[in-house]
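Have a look at the structure below before the remarks.
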Amino acid sequence: MAQATQAPVKNGEAPAAGDDRDPAANRLHGFSREELHGLLADMLLYRRFEEKAEEAYAIGRIGGFCHLHIGQEGLAAGAIKPLRADDLVITAYREHTQAIAKGIPPRAVMAELYGRVGGCSGGRGGSMHLFDTTVGFYGGHGIVGGQIPLGAGLAWAIRYRGGDQVCVCFMGDAAVNQGAFLESLNMSAVWQLPVIYVVENNGYGMGTAFSRVSVTEMEVRSGAYGIPAHTVNGQDVLETYRFFEGLAERVRGGAGPQFVNAITYRFRGHSMSDPVSGTYRSKEEVEAHLQGEDPITILRDRLMDAGLLAQEELETIDAAARAASEDAADFADASPQPDPSTLYDHVYAEINPHGRLFLDGRGGSHG
Amino acid sequence: MAQATQAPVKNGEAPAAGDDRDPAANRLHGFSREELHGLLADMLLYRRFEEKAEEAYAIGRIGGFCHLHIGQEGLAAGAIKPLRADDLVITAYREHTQAIAKGIPPRAVMAELYGRVGGCSGGRGGSMHLFDTTVGFYGGHGIVGGQIPLGAGLAWAIRYRGGDQVCVCFMGDAAVNQGAFLESLNMSAVWQLPVIYVVENNGYGMGTAFSRVSVTEMEVRSGAYGIPAHTVNGQDVLETYRFFEGLAERVRGGAGPQFVNAITYRFRGHSMSDPVSGTYRSKEEVEAHLQGEDPITILRDRLMDAGLLAQEELETIDAAARAASEDAADFADASPQPDPSTLYDHVYAEINPHGRLFLDGRGGSHG
Amino acid sequence: MGGSSWMGGAAPMAEITYREALNAAMCQEMDRDDSVFLLGEEVAEYDGAYKVSRGMLARYGDRRVVDSPISELGFAGLCVGAAMSGLRPICEFMTFNFSFLALDQVINSAAKMLYMTNGQVPIPMVFRGPTGAALQLSAQHSQACETYYVHAPGVKLVTPATPADAKGLLAAAIRDDDPVAVMEGELLYNVRGEVPDEEYVIPLGVADLKRAGDDVSIITHGKMVHVALQAARALAREEIEAEVLDLRSLRPLDVDAILASVAKTNRVVYLEEGWPFAGVGAQIVSLIQDEAFDDLDAPVLRVTQADVPMPYAKNLEQLAKPGVKAVVEACRKVLYMPGTIT
Amino acid sequence: MGGSSWMGGAAPMAEITYREALNAAMCQEMDRDDSVFLLGEEVAEYDGAYKVSRGMLARYGDRRVVDSPISELGFAGLCVGAAMSGLRPICEFMTFNFSFLALDQVINSAAKMLYMTNGQVPIPMVFRGPTGAALQLSAQHSQACETYYVHAPGVKLVTPATPADAKGLLAAAIRDDDPVAVMEGELLYNVRGEVPDEEYVIPLGVADLKRAGDDVSIITHGKMVHVALQAARALAREEIEAEVLDLRSLRPLDVDAILASVAKTNRVVYLEEGWPFAGVGAQIVSLIQDEAFDDLDAPVLRVTQADVPMPYAKNLEQLAKPGVKAVVEACRKVLYMPGTIT
Ligand SMILES: Cc1ncc(C[n+]2csc(CCOP(=O)(O)OP(=O)(O)O)c2C)c(N)n1
Ligand SMILES: Cc1ncc(C[n+]2csc(CCOP(=O)(O)OP(=O)(O)O)c2C)c(N)n1
Ligand SMILES: [Mg+2]
Ligand SMILES: [Mg+2]
């Protein structure tokens, strides 16, 4: 059994959940009713958006690899929503909802999955390579661990320019076994870079439980470089939000690099070709998480318990999420494929006036 | 100031030195007079051998990079001499004395430095690539950290075959910042490989003090993978010997991978072109180590203090070391250069009967 | 055509997939030699990301079929180390795209070891996995990696295109005493073909004439063999008889077969999946102009991936990949046929 | 001859070393643009392993001249990340031999980033350091790395041979908005030559005719330019006038200059330091046969390193390296001169 099923150890910074209801003031965990509805709406959007993507994949509108974040939405909302607009996020290939959380419009994300010009990467990147630098979202990287040094570099640039942004660099639990992890964390510590490394610890790298590829717990992986480790329950979006809110401020204030072990669970297969359960995790295990660990259900129930959410409000929010997802798919569908004449665009930013850049005898106009 | 100057923390396993004299029994630290003279002779040989290499380099007999181990001999003798003949050693490029310690004849080592057929790698490898598999010495690797996964693989093969050998994998302090370190240590822990990783912590990677590229102490680097860490004073050959003797037996018995931080100091420049002091370490720092931390002087003085070594015995031992080094140089000098006709030998172990292996239009007879 | 049997006689054949053929080769070799083991990501409990090692964990146990952490540099190096000690590792890269992380161990350890040790330390191992593009996997997952493995001496490289070649070449690679990269294709795994049931080994360095023809030679390797065959069929409808020479092995390289084909048709198109600059095709062109200059009636043309990273969008991806039309076009061009668009 | 000045006028020149010229280029660019910084092993406090960055820490401080841990993959990736954010890192590899460890970040991040982001994220950075062999550094430290950097589109590659080219090309590389690999040579660092004092930039993609001649073209790049010039002088003694075309930039590639030289001499030898299989020379041969087939009076010959890992022993190393004699031999051969040993 992977560590994702352990009771998450809560970090000292986050106020304990559950005893913080203030119905008189219409608040929970310090969040206003409006904010709480906002977070629920965010997560529902992520969920409906990806369910839509799943459908679109099934009918061949989306191709290639497609890795759903379903089940892990608490982390997209909880870790990214507290950030400033000019903070930076970089991540791996399971990043649809993170992209939306950072501000890429669902339409642009869906159109990217469809490989259309309206996509945030112009249809050239696809599901694994979502980018929009105007909202500080730096991809979308497909080589496991590849984004870790890049995240350190984004943080380096912040420090170089004397800025007070932070860079949040997500990775999967399996990525910590890449050498890039050591090298990046060590450099971040030596240079005290404003970066928060977040492991989305869903317990598995494809079909491999973390406990099969590590004899230690995730928490101890950053200590070798002197980087403080934190564990947070990623299924509790309120706890996660407060935690990242505080942590980002501390990093902004010069606390140096941080390592967060965010406990979560993947409700779908690794990618579209991987069944939800069967080979490496039992039906029962998945079922237990679906029942008890759905970040959306958890928030919904807490809000309802606290009298902060009515059934019809929920339905309205969900309907909006579904509508936005439909709208995104419609937009994507209507967006044209990239113009074939652009095949050689953006291989190089600078087309030098001399010499040939493309050696295939085809990209002639460009080189 | 690098950590090499810290007082080394002694590991629990090694009996404390200094209070173990047993002059009646003619023993020190449990070693017989003969054994003690043997260790002194080994280290003196290493020292004289490399001084001879230094001379040969100065007059152009040796080319390329040449990294001397002078000052670190306590580790070659202390970590390798307690091993069994069928145990394996793999290391980096500062490996002349380690090669001799494992059993490569000084003649074959010197001839390799000279690039002659009598060399242990036939003159093809040079100073950085000494090999003799008949004595279990697996090189001699030039890419910093490159030997770490190889060492894990040698240990893998021991386990695979059900053997009870151990593999000792040396590296410099700077190598622990290579991603290969993480990946190899983690796999070794997951598969419980019989490997001892030894950092020859001389405080510097070329001109960079370890403290400038790490915010943590060396000891904490292996904990991330659950591998026990030990620190040993590599300048005290007796302590070092006893420590490795015990550790190798434990690993042989199934204790799993180990990490040893061996504190030492390099008395020469990084390679022949690097001055001993000036840029990155002061003359005073080096002087202090030469005075107080020379593994040979330390052993000599202890033996003399204990009445276990007479001045003329020392002179005899040293004369033998000098003679063996001279002899090695003479042998090397007399050994011919490789036959030009062998240029294409050993690129491939198997020359397939079909097809061409060499595409330069020259290696025709082979492909 | 197809893989020639080197075992002699009319061996019993079964029609199996390329995936099954690879599996059969590994089992064949693991049965006869305990020093062979398989290590890589998801190869054991998951039966392989592409199910190539299906059933092997059950058959050989976790001593010999081993799931690795996602540590390409480390596990490739570990396999090289095990090979230094005389074992015969099969190191699976989930795809060769990920093996850039391991390239230092491939080149600086595996390729150079035997030479720097003066022949003391052979590296009898296999690096295998799919290379090149599948469908819409985008830039980081769609790269043909041959050049990176063939440039440095010390490594051999084979690229089976059919199930029979997959079995025979992988078996030969495992038996070979040198490091051999076996580059497969995700899009080939489901291809079916006749494969000898019994022990089957195809010597490295023997090209295979997948189709004979007099007019023009399409020389190629790996999954492009199928594109070449399609192009040849299209050309046949225009009464142009193209021959398709599948190199199968890039190192050792069957120079004789190449020269024989050039001598026969005098016109050559080299087709490969990868990029042009310093691609395999560049080498073949150079070889032909060097050793068969006078046999050529036209410059050798190359058909390659467009010189761009692989785009995700379906239409752009199709444009970027070398296709049947481009091959037909190139063949017509080396034949100086009217109507050729230049 | 020599680097052509692109700044116009008769600029004041000083004779400095190649090493100093690289230093001058970095200082020139760091003075005009705060977003340029230098990061690598030993570049700061040690003044560079080969002293290329001498004095730069003192001049620019440790914000802009930064010693890195020995973490090639990590620091190359960190530089790519900084470039994603618009900075202009100069990432020094102590030698390109060590950059195999970083190749994933070079190819999968730096080269492909702009494309997969649809032009949003340029990577305006430089990878620089020595490539190829020095003297007796043995197999792992003596590899010419051009092929690994030139095969994938998305990276540019220059190989300055003279001090003036070193200054002008490195400056251009730093200013260029794409990732540019600048491959130097340890054996070039002490070479002296005239270099303009003032701001000096040589556009990428312009080859330089280092010597004119009518009889045969020696096309080459990097430190082999000096071998080619020696060979040309030797040939001149036999009244053969060889021209030496230094490509200087491999990507972009000055195809016009190549074709002009072929059209003039009709005989070509390509000389490079690296291995033959899928080497740069293979590409140049392919290009010439493709675009100047009819201009050739003989096949293009290639002179390369022997197809073996670099041996340590002095005599074997000399044999393995491409030398003046082999170039002279090849030139005589393409001229069908009597007495040519084949
Ligand atoms: C270097 C590399 N090796 C292998 C792969 C294939 N692969 C893609 S995702 C994945 C598992 C990663 O698991 P994890 O990091 O836990 O992230 P998750 O999928 O759980 O979000 C693997 C092995 C890859 N993309 N890159
Ligand atoms: C991957 C790699 N990067 C850089 C180098 C150049 N280099 C050779 S030795 C060295 C320093 C290594 O220091 P350390 O590991 O402490 O070993 P020591 O020299 O002190 O024995 C460096 C940077 C190299 N050989 N390999
Ligand atoms: Mg995971
Ligand atoms: Mg050191």
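Residue numbers (numbering that gives the first Met the number 0), protein chains in the order written: chain U, 0 to 366; chain A, 0 to 366; chain X, 0 to 341; chain R, 0 to 341.
Each residue gets a CB set at the ideal place from its N, CA and C atoms; glycine is no exception.
7 Å Cβ shell around residue i - same chain, five flanking residues per side excluded
i, result
"residue 2(R)", "With a pLDDT of 41 at residue 2(R), under the threshold of 50, the predicted position of this residue should be treated as unreliable, though the coordinate-derived value follows. So the list reads 161, 163, 164, 167, 201, 207, once near-sequence residues are dropped."
"residue 77(U)", "233, 236, 239, 240, 243"
"residue 229(X)", "323"
Cβ-based neighbour list, residue i, same chain, cut-off 6 Å, excluding 5 preceding and 5 following
i, result
"residue 100(R)", "71, 72"
"residue 56(U)", "65, 271"
"residue 175(A)", "220"
"residue 188(X)", "17, 18, 49"
Status (buried if at least 16 other CB within 10 Å, exposed otherwise) for residue i
i, result
"residue 273(R)", "buried"
"residue 213(X)", "exposed"
"residue 336(X)", "exposed"
"residue 323(X)", "buried"
"residue 180(X)", "buried"
"residue 281(A)", "exposed"
"residue 306(U)", "exposed"
"residue 268(U)", "buried"
"residue 304(U)", "exposed"
"residue 329(X)", "buried"
"residue 139(U)", "buried"
"residue 152(U)", "buried"
"residue 329(U)", "exposed"
"residue 58(X)", "exposed"
Contact set between residue i and chain U, taken where Cβ atoms lie within less than 7 Å
i, result
"residue 334(A)", "Under the 7 Å cutoff, chain U gives no residues; its nearest Cβ is about 40 Å from residue 334(A)."
Beta-carbon neighbours of residue i, restricted to chain R and to distances below 7 Å
i, result
"residue 356(U)", "250, 251"
Under 8 Å from the C-beta of residue i: neighbouring residues of chain A
i, result
"residue 413(R)", "Within the shown structure, residues of chain R are numbered from 0 to 341, placing residue 413(R) beyond reach of any answer."
8 Å contact criterion, which residue i and residue j should meet: CB distance rounded
i, j, result
"residue 298(R)", "residue 288(X)", "5 Å"
"residue 79(R)", "residue 119(R)", "Between residue 119(R) and residue 79(R) the Cβ distance is about 15 Å, and since that is not below 8 Å, they are no contact."
"residue 154(A)", "residue 215(U)", "Residue 154(A) to residue 215(U), Cβ: 19 Å. No contact."
"residue 72(U)", "residue 295(U)", "7 Å"
Residues near residue i in its chain [Cβ-Cβ closer than 8 Å; skip 5 each side]
i, result
"residue 48(A)", "95, 96, 99, 105, 108, 109, 320, 323, 324, 327"
Cross-chain neighbours of residue i in chain U, by beta carbon under 8 Å
i, result
"residue 62(R)", "159"
"residue 176(A)", "181, 182, 185"
"residue 294(R)", "Correct list: empty, because the minimum Cβ distance to chain U is about 17 Å."
"residue 307(X)", "342, 343, 346, 357, 362"
Chain-ordered neighbours of residue i on chain X, where CB pairs are closer than 8 Å
i, result
"residue 346(A)", "113, 114, 152, 153"
"residue 339(U)", "314, 315, 318"
Closer than 8 Å at the beta carbon, the chain R residues around residue i
i, result
"residue 126(U)", "What residue 126(U) touches in chain R: nothing, since even the nearest Cβ is about 12 Å away."
Within chain A, partners of residue i - CB distance below 7 Å
i, result
"residue 259(U)", "Residues of chain A passing the Cβ test: none, with the nearest at roughly 16 Å."
Residue-level contact to chain D via CB, residue i, 7 Å cutoff
i, result
"residue 288(X)", "In the structure shown, chain D cannot be found, because the protein chains are U, A, X and R."
| message | Taking beta-carbon pairs under 8 Å, can you tell me which members of the segment 179–191 of chain A lie near chain U? | response | Contact residues of the segment 179–191 of chain A toward chain U are 179, 180, 181, 182, 185, 188, 189 (C-beta to C-beta distance below 8 Å).
| If you measure beta-carbon to beta-carbon, which residues of the segment 53–72 of chain U are closer than 8 Å to chain X? | Residues passing the 8 Å Cβ filter: 62, 63, 64.
| request: Could you please tell me which residues of the segment 220–237 of chain A, in chain order, have their CB closer than 9 Å to any CB of chain U? | output: Identification of residues in the segment 220–237 of chain A having a C-beta nearer than 9 Å to some C-beta of chain U yields 220, 221, 222, 223, 224, 225, 226, given in sequence order.
| Along the segment 130–149 of chain R, what residues have a CB closer than 7 Å to any CB found in chain X? | Answer set for the segment 130–149 of chain R: 137, 138, 139, 146, 147, 149.
| task | Closer than 9 Å, Cβ to Cβ, to anything on chain X: give me those residues from the segment 75–102 of chain A, in chain order. | result | Of all residues in the segment 75–102 of chain A, 87, 89 have a Cβ within less than 9 Å of some Cβ in chain X.
| field | Near-chain X residues of the segment 128–154 of chain U (beta-carbon distance less than 9 Å), N- to C-terminal order | value | Result list: 128, 140, 141, 142, 143, 144, 145.
| query | Relative to chain A, which residues along the segment 90–121 of chain R have a C-beta separation below 9 Å, given in chain order? | reply | Interface annotation for the segment 90–121 of chain R against chain A: 93, 96, 97, 99, 100, criterion Cβ-Cβ distance under 9 Å.
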